[in-house]
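Counted from 1, the sequence shown has number 66 at position 66 by my numbering; the numbering is strictly sequential. Structure first, commentary second.
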Amino acid sequence: MTDTAKLRIGTRGSPLALAQAHEVRDKLAKAHPELAEEGAIAITVITTTGDKILDRALSEIGGKGLFTKEIDDALLGGEIDLAVHSMKDVPTVLPDAMILPTILPREDVRDAFISLKYKSFAEMPAGSVIGSASLRRQAMILNKYPDLKVVTFRGNVQTRLRKLGEEQVDATLLAMAGLNRLGQPDIATAPISEDDMLPAVAQGAIGITIRESDTQSKDWLSALHCETSAIRVAAERAALRALDGSCRTPIAALAEFQDDGSMRLRVSIVRPDGSERLDTERMIAKPDMETASAAGTDAGEELKQRGGPDFISA
């Protein structure tokens, strides 16, 4: 960071997080000449709890805020001016005095199947091992392919590919959005259709948080905001909030605009062992932030009532 920086961006230090921060920096520099000057934007790498603890499943070490808390603290403490996040990592309730004014245009929402041996789940013989850190992915795989085995599998893209090459597992999954942003879409053996595996809430979306009082950063960021993506994310996050979802919770949701301008919202919850899955959907005729959030809340509350108090923790 330089003393002359007009804007300080905070981010995690993984290759994907840095790629996202650089994307935001480049978009800001393109939109605002004063930010295009050398040294005008500085990027600060912040290590989070989720980055430090790599030997346990996320669900075992706290869930909510694992990849955001330290960055939030730096933002509220004035060490940085904005934070760039994968929206699927952001808790549904933000800290006081913080807002999320900007969602970038959303990337591919699909999961990617990655294997050196097989082209799809259907090709995998009984007992094959799939590595994933996501309870959603684990539960959905077990629901559809109960003869397969899932194990917790953490680390960045490079780490997971190394473990795959060492045959610690037969396959793994990553988000297509992350592979695209890293310029490595060819790593995917095949994208998985949303109909076959509903994505995580807000998968493929980048969000930017700032201090509520920071009108300058808000003005700069307005040029980057995609309202269509924001409406989709709002619907999905409202469902998650109604379900009180965290990293301990196998929840999936996807909102998509239709050709006639309406929006379809699908939400699913799965027992962690894959033994049961509940689905619902909503159609929103004239989607905006308010109607999308209301539909998401309604869908989440329906599933919460249908599943009962023991469903997620079973």
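Virtual Cβ for every residue (Gly too), placed ideally from N, Cα, C. Treat the numbers as computed from the prediction; the structure is a model and nothing was measured.
Contact fails between the segment 142-156 and the segment 82-97, because fewer than three Cβ pairs, one in each stretch, are under 8 Å apart.
In the structure shown, T4 falls within a coil segment according to DSSP collapsed to helix, strand and coil.
Taking A202 as the centre and dropping the five residues before and after it, the same chain places the C-beta of M87, K88, V233, E236, R237 closer than 7 Å to its C-beta, in chain order.
Under the three-state reduction of DSSP output, I130 falls in the strand class. Taking 8 Å as the upper bound for CB-CB distance, M289 and A230 are in contact here, some 7 Å apart. Annotation: R106 is outside any beta strand (DSSP E) and is labelled neither H nor E by DSSP. In the DSSP assignment, E227 falls within the unbroken alpha helix (DSSP H) covering 227-242. If you draw a straight line from the Cα of L7 to the Cα of L75, it comes to about 12 Å.
Non-local beta-carbon contacts of T68 in its own chain, meaning distances under 8 Å to residues more than five positions away in sequence, involve T48, A83, H85, D89, V90, P91 in chain order. DSSP places H22 within a helical segment (H, G or I) once states are collapsed to three. Contact between A285 and A252 is ruled out by a C-beta separation of about 24 Å, above the 8 Å threshold. T172 is not a Cβ neighbour of I141, given a cutoff of 8 Å.
The segment 160-226 is shown to contain whole beta strand (DSSP E) runs of 3 or more residues at 171-175, 190-192, 206-211, in chain order. DSSP places R154 in no beta strand (DSSP E); its state is neither H nor E. G274 counts as buried, since no fewer than 16 other beta carbons sit within 10 angstroms of its beta carbon.
Per DSSP, reduced to three states, the secondary structure at L75 is helical. Relative to D108, the option among L221, A255, V157 whose CA is nearest is A255. Counting of Cβ neighbours within 10 angstroms places S213 among the exposed residues, the total staying below 16.
Contact between A190 and K119 holds: their C-beta atoms lie close to 6 Å from each other, under 8 Å. Straight across, the Cα-Cα distance linking R264 with F257 is about 6 Å.
Going by beta carbons, P101 and I210 fall inside the 8 Å limit. DSSP, read as helix, strand or coil, puts M283 in strand. A straight line joining the alpha-carbon of G204 with that of A126 spans about 31 Å. Nearest Cα to R106 within the set P33, G178, D81, T291: G178. Per the C-alpha coordinates, the member of V169, A97, D196 positioned closest to N143 is D196. Taking D81 as the centre and dropping the five residues before and after it, the same chain places the C-beta of L7, R8, S217 closer than 6 Å to its C-beta, in chain order. Inter-residue distance for I187 and P15 is about 15 Å (C-alpha atoms, whole angstroms). Of the residues M283, L161, V24, the one whose Cα lies closest to the Cα of D259 is M283. Secondary structure of S293 (DSSP, three-state): helix. Straight-line spacing of the CA atoms in Q138 and L164 works out to 17 Å.
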